[in-house]
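Engineer: Have a look at this one before I ask anything.
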Amino acid sequence: MKKLILLIFLLCTLGAFSQEFAFSEYGGTSSTSEKVNHAKEQETTDFVKHLDGLNDKKLGRYLRKRGTVDKLIDKGNEYFDLMWYAEAARIFDLVLEKTDAKHTQQLLSRAGDSYYYIGNLEKAYQWYHELHQLYKEEIEEGALFKYKETLKGTGKYQRAATLTKILRQKRNEPLNELDKVDPNTWEATYDVSIKNLKINSPYSDFSPMFHNGSDIVYASAKDTLFLTTRRYRWTNQPFLDLYLAHQKGEDGELSATQKFSRKINTKYHEASMAFSPDQKTIYFTRNNYGKRLKRGENGINHLKIYRSELKDGEWTKAEELPFNSENYSTGHPAVSPDGKKMYFVSDRPGGFGETDIYVVDIGANGAFSEPKNLGKTINTEAKEMFPYAVENALYFSSNRPMGFGGLDVYKSDGTNETFGVGVNLGEPINSNRDDFSYIVDASGEQGYFASNRKGGKGDDDIYSFKSIPNYNAIVGSVTSESSGIPLEETNINLYGTNGVLLNKTVSDTTGRYVFKNLSPSTGYTLVATKKGFMDDSISVKTKENENVPVTQFLREALKEKSITEVYEPSNVYFAFDSYEITPTYAQELDKLVTVLNENKTLSLKIESHTDAIGPESYNKYLSDKRAKSTRDYIVSQGIDVSRILSAVGYGEERLLNNCSNGTPCAADQHRLNRRSEFILVAE
């Protein structure tokens with residue numbers, strides 16, 4: 007059901023209800039569907055229930071009747087045009103799986119879209135995949151994007167990466183590091199435990215918000231009435247209301263839920279709220295309506311932010327804020343800790359993407375300044391939604407590239423109107439589905455978020471999280487091998503087992519450095535570099551919640567350089583995207599083997615490199631393979647492996663020219679960077 011908010015921001019969004027409410031129809035219908043009365047809705051429900059109630063024999067007999075398939079397709083298209091996607095999905099599924107109807111491009115596309123919009127990515131993938139197989143050359147960009155999202159959402163990351171490249175080629179965008187979609191390239195910023203809460207319903211529960219210390223207000227589509235009379239046709243779920251729950255225990259569990267206020271909740275949607283610091287003002291998102299739903303010039307019922315004051319223990323009648331509009335959506339309010347700023351989401355004209363985050367000043371008299379876009383460090387061409395402000399940081403969700411799939415939670419450091427680039431919070435907060443409406447308490451140690459990840463109870467579920475103390479750290483020092491003097495300002499890079507750069511730091515005046523919050527019992531590689539010294543690489547494995555000491559000794563490079571200059575070993579060059587030693591360069595390596603055989607006191611260091619074409623993480627992997635193949639060849643020619651002190655790949659870190667990402671260069675210029683270099687070392 008959260009699709010409701012996203013349709014407005016782009017009538018094609020990710021799955022699950024809270025995103026809908028996040029920015030789609032919120033009111034649930036187009037101008038066409040507004041004309042459909044309750045009798046029509048009941049007729050639709052009865053028709054679908056009738057089909058579901060038929061046994062296989064009766065259903066088969068019904069489907070074999072002349073003209074039935076065409077009527078079903080027409081019925082499915084009617085539901086689809088009315089945005090009744092749950093019913094449309096059921097009809098299209100029936101036609102595609104139970105009849106011999108031709109699997110046309112439109113039928114497959116609408117079947118995939120129907121499931122995509124209600125958050126069933128497995129079924130959406132089924133029909134998008136067939137669509138891609140049958141009509142690959144004819145698929146529009148929007149359908150490719152949704153297919154890519156279902157690939158990521160169902161764990162097919164490699165295929166998603168391939169499709170990402172195709173999309174970028176269609177848009178004439180560079181194939182750079184944004185193509186990395188493998189979640190193994192992400193590391194959580196801290197360790198947390200998460201818990202699915204007991205208050206979650208079979209429907210959609212999301213947008214938790216702290217209130218009065220120990221309370222949580224959240225949005226839910228659960229129906230507390232004995233008889234359900236109104237349902238949102240997009241997903242066939244009840245409309246959203248605000249609910250109040252009480253925190254109990256240290257694990258963030260919630261209990262004793264009840265509707266928040268009759269003055270706030272209406273027969274349509276309310277969700278995504280924020281409170282003033284004194285808890286006496288609530289800002290929340292609601293359908294644009296007076297006594298009836300109102301629609302903009304495009305026939306869509308947009309979202310607006312409303313405000314209500316707490317007076318004499320009762321919430322006053324809500325009033326809309328002045329920067330709302332009939333013709334675009336405004337929602338997801340978040341108030342700064344000092345109460346002087348409000349952040350919100352809108353698809354108003356002039357933004358950077360589908361939905362952007364904006365900020366306004368809140369005056370002492372409750373007046374607002376003109377909205378200001380937070381700029382490119384926060385907003386992208388994708389969707390930015392669900393902001394939450396804390397001291398010196400802003401949390402938000404986005405479906406930008408490089409994520410795990412769907413919406414991911416990001417953190418951007420800064421204050422007021424100036425924030426840095428958002429950092430993905432990693433697992434387990436983020437998953438390959440939608441993760442959003444993240445809030446954290448003043449301690450920064452625990453909070454809540456919503457997700458439609460697998461294993462939940464309903465469409466969207468609320469999860470609590472709590473930080474787990476992490477004492478896993480590498481405590482290192484760097485020293486000159488010849489003098490024993492600590493080496494300050496040494497660059498230290500920390501790599502994961504897959505060759506991805508995870509972190510970097512510089513040693514202090516005592517030669518020391520620390521990498522904190524590491525995973526337990528995990529292998530890492532440390533590479534120390536300092537001008538005038540040879541690089542040093544060492545493998546380290548963390549333990550269980552304790553520090554691991556490491557000392558690296560760097561050799562001065564001058565003596566080793568002079569030896570290398572005397573013998574002048576030639577570089578070995580590689581073909582594009584290859585680590586194979588060609589016959590030509592095997593001859594050069596044979597010359598190096600001769601030098602080593604004639605000088606038994608010499609040892610060797612191998613440093614391999616790539617050009618800057620392709621993702622940085624892949625180039626690091628490729629350079630490691632080049633270093634290994636170079637070492638293996640030399641060993642195969644009779645050189646003892648102990649004489650090869652190191653064989654390290656540096657990826658695209660050490661280009662010999664200016665052919666970095668995005669710089670146009672000739673093929674020969676790129677070729678110069680695809681090399682293995684050699685350093686001879688005297689014992």
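One point on numbering: in the working numbering, the residue at position 297 of the sequence shown is 303, and numbering is uninterrupted.
We treat Cβ as the ideally placed atom computed from N, Cα and C, and that holds for glycine.
Values in this document were obtained by computation on a predicted structure and should not be read as measured data.
DSSP on H676, reduced to helix/strand/coil?
Structural biologist: helix
Engineer: Between the C-alpha atoms of G453 and F471, what's the straight-line distance to the nearest angstrom?
Structural biologist: 5 Å
Engineer: Using only alpha-carbon positions, find the residue among A653, K347, K549 and Y639 that is nearest to P589.
Structural biologist: The shortest C-alpha separation from P589 is found at Y639.
Engineer: Select from T386, I498, L524 and K323 the residue whose C-alpha is nearest the C-alpha of D514.
Structural biologist: For the residues T386, I498, L524 and K323, the minimum Cα distance to D514 belongs to I498.
Engineer: Excluding the 5 residues preceding and the 5 following I474 in the sequence, name in chain order all residues of the same chain whose CB lies nearer than 7 Å to its CB.
Structural biologist: D197, V198 and S199
Engineer: Going by DSSP in three states, G159 sits in which element: helix, strand or coil?
Structural biologist: G159 falls in the helix class under three-state DSSP.
Engineer: Closest to L493 by C-alpha separation, out of G517, N438 and I79, would be which residue?
Structural biologist: G517
Engineer: Identify, in the order they occur along the chain, each residue of the same chain with its Cβ nearer than 6 Å to the Cβ of L316, setting aside the five sequence neighbours on each side.
Structural biologist: K286
Engineer: Of all the beta strand (DSSP E) runs that stay within the bounds of the segment 419-468, which reach a length of 3 or more residues?
Structural biologist: 441-446 and 452-457
Engineer: Given a threshold of 16 other Cβ atoms within 10 Å of its Cβ, counted over all protein chains shown, does Y702 qualify as buried or as exposed?
Structural biologist: Limits of the chain in this structure are 7 at one end and 689 at the other, which puts residue 702 out of reach.
Engineer: Secondary structure at N625, three-state DSSP: helix, strand or coil?
Structural biologist: In this structure, N625 counts as helix in the three-state DSSP scheme.
Engineer: Leaving aside the five residues before and after T669 along the sequence, list all residues of the same chain whose C-beta is less than 7 Å from its C-beta, in chain order.
Structural biologist: none
Engineer: What's the call for K597, buried or exposed, on a 16-neighbour Cβ count within 10 Å?
Structural biologist: When all chains shown are included, K597 counts as exposed.
Engineer: For S659, which of E146, T636 and P621 has the nearest alpha-carbon?
Structural biologist: Here residue 659 turns out to be Glu, not Ser, going by the sequence shown. Nearest C-alpha to E659: P621.
Engineer: Check whether the segment 143-150 touches the segment 461-468, taking contact to mean three or more Cβ pairs, one atom from each stretch, closer than 8 Å.
Structural biologist: With a cut-off of 8 Å, the segment 461-468 and the segment 143-150 do not count as touching, because too few Cβ pairs lie within range.
Engineer: Whose CA, out of P377, A324 and A280, lies closest to the CA of H338?
Structural biologist: For H338, the nearest C-alpha among the options comes from A280.
Engineer: Compute the distance between the beta-carbons of T263 and Y249, then report whether it is under 8 Å.
Structural biologist: The answer is yes: Cβ separation under 8 Å.
Engineer: Once DSSP output is grouped into helix, strand and coil, what is the label at G82?
Structural biologist: helix
Engineer: Measure the alpha-carbon distance for I124 versus T503 and round it to whole angstroms.
Structural biologist: 38 Å
Engineer: Which residues does DSSP list as the beta-bridge partners of Y289?
Structural biologist: As computed with DSSP, Y289 is found in a beta bridge with A280 and R313.
Engineer: Reducing DSSP to helix, strand and coil, say where P589 ends up.
Structural biologist: Reduced to three states, the DSSP call for P589 is helix.
Engineer: Write down the C-beta distance between Y334 and P393 rounded to the nearest angstrom, noting that I regard them as a contact closer than 8 Å.
Structural biologist: About 17 Å; that fails the 8 Å criterion.
Engineer: In angstroms, rounded to a whole number, what distance separates the CA positions of N398 and S213?
Structural biologist: 22 Å
Engineer: Ordered along the chain, which non-local residues of its own chain (more than five positions away) have a Cβ less than 8 Å from that of P355?
Structural biologist: Y334
Engineer: Using the C-alpha atoms, what's the distance from G538 back to G657?
Structural biologist: 21 Å
Engineer: Check the DSSP bridge columns for W691 and list the partner residues they point to.
Structural biologist: With the chain running from 7 to 689 in the structure shown, residue 691 is simply not present.
Engineer: Helix, strand or coil: which one does DSSP assign to S682?
Structural biologist: strand
Engineer: Could you give the uninterrupted runs of the beta strand (DSSP E) lying entirely in the segment 505-584, keeping only those of 3 residues or more?
Structural biologist: 507-512, 518-521, 529-535, 542-547 and 553-560
Engineer: Roughly how many angstroms lie between the CA atoms of V415 and K389, to the nearest whole one?
Structural biologist: 12 Å
Engineer: Quick one: give me the first and last residue of the beta strand (DSSP E) that A479 is part of.
Structural biologist: Per DSSP, A479 belongs to the beta strand (DSSP E) from A479 to S486.
Engineer: For Q643 and chain E, any beta-carbon pair shorter than 8 Å?
Structural biologist: Absent from the structure: chain E. Only one protein chain is present.
Engineer: What does Y134 pair with, by DSSP beta-bridge criteria?
Structural biologist: According to DSSP, Y134 bridges with nothing at all.
Engineer: Among E146, K254, N379 and K606, which residue has its Cα nearest to the Cα of I645?
Structural biologist: K606
Engineer: For the beta strand (DSSP E) containing S709, name the first residue and the last one.
Structural biologist: This structure does not reach residue 709, given that the chain is present from 7 up to 689, and the question cannot be answered.
Engineer: What's the call for E276, buried or exposed, on a 16-neighbour Cβ count within 10 Å?
Structural biologist: Counting Cβ neighbours within 10 Å, E276 comes out buried, since at least 16 surround it.
Engineer: Please name the residue in A107, E103, M89 and A92 whose C-alpha comes closest to that of G73.
Structural biologist: Looking at the Cα atoms, A107 is the closest of the given residues.
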